[in-house]
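Q: The listed protein sequences derive, respectively, from chains A and B. So that you can map any letter, position 2 of the first sequence is 2 in our numbering, and since no number is skipped, the others follow by simple counting. Start counting at 1 in the second sequence, then tack on 1000, and there's your number in our numbering. Each residue gets a CB set at the ideal place from its N, CA and C atoms; glycine is no exception.
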Amino acid sequence: RKEVEQDPGPFNVPEGATVAFNCTYSNSASQSFFWYRQDCRKEPKLLMSVYSSGNEDGRFTAQLNRASQYISLLIRDSKLSDSATYLCVVNQASNTGKLIFGQGTTLQVKP
Amino acid sequence: EAGVTQSPTHLIKTRGQQATLRCSPISGHTSVYWYQQALGLGLQFLLWYDEGEERNRGNFPPRFSGRQFPNYSSELNVNALELEDSALYLCASSLTLGANVLTFGAGSRLTVL
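(1) Mind listing the chain B neighbours of phenylalanine 101/A? Cutoff is C-beta to C-beta under 7 Å, in chain order.
(2) Buried or exposed: where does threonine 1096/B fall if 16 or more other Cβ atoms within 10 Å of its Cβ makes it buried?
(3) Is DSSP giving serine 26/A helix, strand or coil here?
(4) Measuring straight from C-alpha to C-alpha, what distance separates glutamine 92/A and tyrosine 25/A?
(5) Compute the distance between the beta-carbons of methionine 48/A and aspartate 39/A, then report whether it is under 8 Å.
(6) For aspartate 77/A, count neighbouring Cβ atoms within 10 angstroms of its own Cβ and tell me buried if that reaches 16, exposed if not.
(7) Sort Ser1093/B, Leu1083/B, Val1032/B by Cα distance to glutamine 1017/B and report the nearest one.
(8) Give the residues of chain B in contact with threonine 85/A, contact being defined as C-beta atoms less than 8 Å apart.
(9) Would you please verify whether the beta carbon of asparagine 91/A is less than 8 Å from any beta carbon of chain B?
(10) With distances taken Cα to Cα, identify the nearest neighbour of aspartate 1085/B among Arg1022/B, Thr1005/B, Ala1002/B, Leu1046/B.
(11) Consider the Cβ of threonine 96/A: report whether some Cβ of chain B lies at a distance smaller than 8 Å.
(12) What does the Cβ neighbour count give for proline 44/A, buried or exposed, with the cut at 16 atoms within 10 Å?
What follows is the structure in structure tokens.
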């Protein structure tokens, strides 16, 4: 079983749609969680951290379910510029310098 | 403020050769991380350097090595190159110890022929 699993997609949605991605992680002792965004042939960039209580940043909402070991990202009112690969990232233990990246979910927003 | 810079952007080598990739972290960041992103795979953790010391390494063979210099820049060396080493090598830096929020460079794309 992969340490972090994501549906690779692609998710093809029209502008204005709401889309949700899920991610599961295998290590129940994992400590912190993130969503990164990677545009085609570019470096990953932090989109948002994911907190136990859930958190929102504009059109983006992240949720963490520790009992079920999954993380979600909801994008409302999708824009063309949201087209990218979204990487689910887990820090299993502090002070290891190691983040575990999922393979990513590709989103294509169509006009 | 300059971000994380990496060089070269592209590198072509043949099997058995050695490759050296370089990284300069964001000013003030003491931790540097190296990741490999092979085609179709997620980012795989390679190495973590902080204050000139190797703090942790991922599940890669010893022919992957590196170092961090007193100015916190870093280099990654890959010896005895194999075809499957072809990948995008990403360097990242962080302000805090131990990698929570990473800022990545644009990467060095290594092609092994």
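A: Here's the rundown:
(1) Think of a sphere of 7 Å around the beta carbon of phenylalanine 101/A: the chain B residues whose beta carbon falls inside it are Gly1042, Leu1043, in chain order.
(2) Of the other Cβ atoms in all chains shown, fewer than 16 fall within 10 Å of the Cβ of threonine 1096/B; this residue is therefore exposed.
(3) Reduced to three states, the DSSP call for serine 26/A is coil.
(4) Distance from the CA of glutamine 92/A to the CA of tyrosine 25/A, rounded to the nearest whole angstrom, comes to 10 Å.
(5) Taking 8 Å as the Cβ cut-off, methionine 48/A and aspartate 39/A do not qualify as a contacting pair.
(6) By the C-beta density criterion, aspartate 77/A is exposed, having fewer than 16 other C-beta atoms within 10 angstroms.
(7) That would be Leu1083/B, whose Cα lies nearest to the Cα of glutamine 1017/B.
(8) Correct list: empty, because the minimum Cβ distance to chain B is about 10 Å.
(9) By this cut-off, asparagine 91/A is an interface position.
(10) Selection Arg1022/B, Thr1005/B, Ala1002/B, Leu1046/B evaluated against aspartate 1085/B yields Leu1046/B as nearest (Cα-Cα).
(11) Answer yes: the Cβ-Cβ gap between threonine 96/A and chain B drops below 8 Å somewhere.
(12) Looking at its Cβ environment, which holds 16 or more other Cβ atoms inside 10 Å, proline 44/A is buried.
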